[in-house]
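J.: Numbering-wise (numbering that gives the first Met the number 0), the sequence shown opens with residue 0 and increments by one. Yeah, the Cβ is synthetic: ideal placement off N, Cα and C, and Gly gets one too. Quick caveat: nothing in here was measured; it's all calculated off a predicted structure.
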Amino acid sequence: MQTLLVHALFAGGISVIGEGGHRSGLRKQLREGPVWADGQGMAGDEIVDLSSHGGPDRALSLFAFEHYAVLQKMFPDTAEPLIAGSMGENISCQGGRDQDFFIGDIYRAGDVVFQISQPRSPCWKLNERFAVPHLSKILQEQHRAGCYARVLTAGFMSAGQAITLQSRPAHSCSIAAFWEQVLCRRPDPAVLSVLANTAGLAEEWRVRLTDRISWLEAQQV
Numbered sequence: 000m001q002t003l004l005v006h007a008l009f010a011g012g013i014s015v016i017g018e019g020g021h022r023s024g025l026r027k028q029l030r031e032g033p034v035w036a037d038g039q040g041m042a043g044d045e046i047v048d049l050s051s052h053g054g055p056d057r058a059l060s061l062f063a064f065e066h067y068a069v070l071q072k073m074f075p076d077t078a079e080p081l082i083a084g085s086m087g088e089n090i091s092c093q094g095g096r097d098q099d100f101f102i103g104d105i106y107r108a109g110d111v112v113f114q115i116s117q118p119r120s121p122c123w124k125l126n127e128r129f130a131v132p133h134l135s136k137i138l139q140e141q142h143r144a145g146c147y148a149r150v151l152t153a154g155f156m157s158a159g160q161a162i163t164l165q166s167r168p169a170h171s172c173s174i175a176a177f178w179e180q181v182l183c184r185r186p187d188p189a190v191l192s193v194l195a196n197t198a199g200l201a202e203e204w205r206v207r208l209t210d211r212i213s214w215l216e217a218q219q220v
């Protein structure tokens, strides 16, 4: 596995985005020096929609810095610049693509130990912020969505520090592979069952997958 680094850290308050004037926590600011992170998230970060963001299983949002170069070529005329932090991530990761992070992975960056808990479902407000229709769907389908993590050990982290893998559960899968199964029109219930039972998966996703398995099995009767 390639070396992962903290490219930059971001946190911020609530602002208004898009022509519709929607309240959002997407517009975060660069945080210099050591930044505190705990089970509730990164110091100074605010959440608007707690049903979709924040909470222990979504304490930190991670997004690969490398994705921005690709997105800039795909969308050269966005309403706001596609630069590190603009996707609303807390941690801009150098080398941390959706293919690199696995559900249940435990990492250390500085003093902070965190566990990858679920994929990030890109918010429709990204479409509004950048004035790119269907951007959130494109990010999801191209495996450029990022992921969320829960904090296991609180502490300080800083830009430039290594993100070091501590452990990976058996039978886990990458965020990219997770999306491939979830977005499949008729996935194999047995495969979804393996995903649902992956150590470290957020309970919300465990319930969603279990419900889908039940529906799929009912269609086979």
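According to DSSP, is residue 81 helix, strand or coil?
T.: Coil at residue 81, not helix or strand.
J.: Drop a sphere of 10 angstroms on the beta-carbon of residue 139, count the other beta-carbons inside from all chains shown, and report buried for 16 or more, exposed for fewer.
T.: Residue 139 is buried by the Cβ-count criterion.
J.: Along the chain, where does the beta strand (DSSP E) that runs through residue 155 open and close?
T.: 154-156 is the extent of the beta strand (DSSP E) around residue 155.
J.: I'd like to check one pair, residue 108 with residue 41: are the Cβ atoms closer than 7 Å?
T.: Cβ atoms of residue 41 and residue 108: not closer than 7 Å.
J.: For residue 71, which of 61, 83, 60 has the nearest alpha-carbon?
T.: Ranking the options by Cα distance to residue 71, first place goes to 83.
J.: How many angstroms separate the CA atom of residue 10 from the CA atom of residue 206?
T.: Cα-Cα distance, rounded: 29 Å.
J.: In whole angstroms, what separates the C-alpha of residue 146 from that of residue 61?
T.: Straight-line Cα distance between these residues: approximately 5 Å.
J.: Note down, in chain order, each residue of its chain lying with its Cβ closer than 8 Å to the Cβ of residue 2, except the 5 sequence neighbours on either side.
T.: Hits under 8 Å: 94, 161.
J.: What's the call for residue 170, buried or exposed, on a 16-neighbour Cβ count within 10 Å?
T.: The residue is exposed, with fewer than 16 neighbouring Cβ atoms inside 10 Å.
J.: Could you check the C-alpha separation between residue 67 and residue 73 for me, to the nearest Å?
T.: Their Cα atoms are separated by approximately 10 Å.
J.: Rank 168, 154, 34, 37 by C-alpha distance to the C-alpha of residue 100 and give the top, closest one.
T.: Minimum Cα distance to residue 100 is reached at 168.
J.: Along the alpha helix (DSSP H) that carries residue 91, what are the first and last residues, could you check?
T.: Looking at the DSSP string, residue 91 is not in any alpha helix (DSSP H); the run it does join, the beta strand (DSSP E), is 90-93.
J.: Tell me which residues share the same chain as residue 180 and place their Cβ nearer than 7 Å to its Cβ, disregarding the 5 neighbours each side in the sequence.
T.: Around residue 180: 186, 190, 191, 194.
J.: DSSP beta-bridge partners for residue 60?
T.: Looking at the DSSP assignment, residue 60 forms a beta bridge with 147.
J.: Enumerate in chain order the residues of its own chain whose CB-to-CB distance from residue 81 is below 6 Å, with the five nearest sequence positions on each side excluded.
T.: Only 67, 70, 71 meet the Cβ criterion.
J.: Ignore the nearest five residues each way along the sequence and tell me which others in residue 173's own chain have a CB closer than 6 Å to its CB.
T.: Counting only Cβ-Cβ distances below 6 Å, and skipping sequence neighbours, we find 98, 101.
J.: Take the Cβ of residue 183 as the centre, count every other Cβ of all protein chains shown within 10 Å, and call the residue buried at 16 or more, exposed below.
T.: So residue 183 counts as exposed.
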